[in-house]
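Student: Provided herewith is a single structure, encoded as structure tokens, for subsequent inquiry.
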Amino acid sequence: MKKGLLVLLSSLLLSTASIASENTAKGLNVIITSEDAQTQMMGMVLSMMTLKQSKEVNMTLCSKAGDLAVKGMESPILKPQDKSPKMMLEALMKQGAKVKVCPLYLPNASKDESVLLEGITVAKPAEVASSLLDKDYQNLSY
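Per mature numbering (1 follows the signal peptide of the UniProt record, and there is no 0), the sequence shown runs over residues -20 to -1, 1 to 122.
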């Protein structure tokens, strides 16, 4: 009887621990600054996996990664998906990811908002800072 009670108690503790460790985050805040296509793609792939788990993705593109947000700018096709980071970005947006460019990107690239893909806006620093400090989201930076 004692042994059975011990097994039951152990099982209860293990199942409670697994429930407590379940990720309850609402989603990801992803900041991509790298111009490296493989690094950009990793951010896109993990963002897509997050959306597939019914979580939210807030993405901010800065520096050379901001080029992904510009109409007509291309990025290289990568294996094994045979897609480019830009193709993945567009797919993410169709799945509901919110994408913005850093406010420094456009003026320093000698561009204005008219060059951005539909649905991409310019980030407001106070909103990005608030998102990054929100404990309901995990932060990734590439």
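For every residue, glycine included, the Cβ atom is placed at its ideal position computed from N, Cα and C.
Beta-carbon within less than 7 Å of E36's beta-carbon, same chain only, minus the 5 sequence neighbours each way: which residues are those?
Tutor: These residues qualify, in order along the chain: K6, G7.
Student: Can you tell me the Cβ-Cβ gap for residue 127 and M39, rounded? I've got them flagged as a contact below 8 Å.
Tutor: This structure cannot speak to residue 127, because the chain is shown only from -20 to 122.
Student: Specify, as a first and last residue, the run of the alpha helix (DSSP H) that M21 falls within.
Tutor: 17 to 32 is the extent of the alpha helix (DSSP H) around M21.
Student: Whole angstroms is fine: what's the gap from L41's alpha carbon to S111's?
Tutor: Whole-angstrom Cα-Cα distance: 15 Å.
Student: Leaving out five residues before and five after L(-7) in sequence, what residues of the same chain have Cβ atoms less than 7 Å from its Cβ?
Tutor: Note that L(-7) scores 48 on pLDDT, short of 50, meaning its location in the model is unreliable and no value can be drawn from it.
Student: According to DSSP, is L97 helix, strand or coil?
Tutor: DSSP places L97 in coil when its eight states are reduced to three.
Student: Do three or more CB pairs link the segment 78 to 94 to the segment 54 to 63 at distances below 8 Å?
Tutor: No, the segment 78 to 94 is not in contact with the segment 54 to 63.
Student: Rounded to whole angstroms, what is the Cα-Cα separation between T19 and Q33?
Tutor: Each residue's Cα considered, the two are about 22 Å apart.
Student: When the Cα atoms are used, what is the spatial distance from M22 to L120?
Tutor: One C-alpha to the other measures close to 11 Å.
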